[in-house]
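Asks:
Residue numbers (the numbering used here): 170 to 295.
1. With which residues is residue 262 paired in a DSSP beta bridge?
2. If you follow the alpha helix (DSSP H) that residue 218 is part of, which residue opens it and which one closes it?
3. Give a single yes or no on whether residue 276 has its beta carbon closer than 6 Å to a heavy atom of the ligand ZN.
4. Which whole-angstrom value is the C-beta distance of residue 193 and residue 199, which I expect to be below 8 Å?
5. Taking buried to mean at least 16 other C-beta atoms within 10 Å of its own C-beta, is residue 295 buried or exposed?
6. Quick one: what's got a C-beta closer than 8 Å to residue 242's C-beta in the same chain, skipping five residues either side?
7. Any idea if residue 201 is buried or exposed, counting beta-carbon neighbours within 10 angstroms, 16 or more meaning buried?
8. If you drop the 5 nearest sequence neighbours on each side, which residues of the same chain put their C-beta closer than 7 Å to that of residue 236?
9. Going by the DSSP bridge assignment, what does residue 231 pair with across the sheet?
Take a look at the structure:
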């Protein structure tokens, strides 16, 4: 990936913007975390890091992901609970189990699970 180039913001300050960021996964894909024991379904994608500075700084420095990559919002589950997770692309793998996610919000966003992938409800698409 190329280095970010400065781009002007509306306030007249400069901020870093990536030249391009390619999402490896799509909304509805079921993924698992590379190092932590959880899996989930993607319901939103940020092309680059878009969470708070406080959240980012809370990650141990030796484990902090690069900001210039896609970040995924997941309806996640592990053996003990279900929750919403925000995960960098470098920390996700495609889940090959082809089993549905047991999360209480799945039915609010998706209406079909087939071939290891969810289909977003038609009412939520553009």
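Virtual Cβ for every residue (Gly too), placed ideally from N, Cα, C. Given the structure is predicted, the values throughout are model-derived calculations rather than measurements.
Replies: For this structure:
1. 201
2. Careful: residue 218 lies outside any alpha helix (DSSP H) and carries neither H nor E.
3. The model depicted lacks the ligand ZN and carries no ligand whatsoever.
4. At roughly 14 Å, the Cβ-Cβ gap does not stay under 8 Å, so residue 193 and residue 199 are not in contact.
5. exposed
6. Taken in chain order, the residues that qualify are 211, 212, 213, 214, 215, 253, 254 and 255.
7. Buried, by the Cβ-count rule.
8. 217 and 218
9. Answer by DSSP bridge pairing: none, since residue 231 is not bridged.
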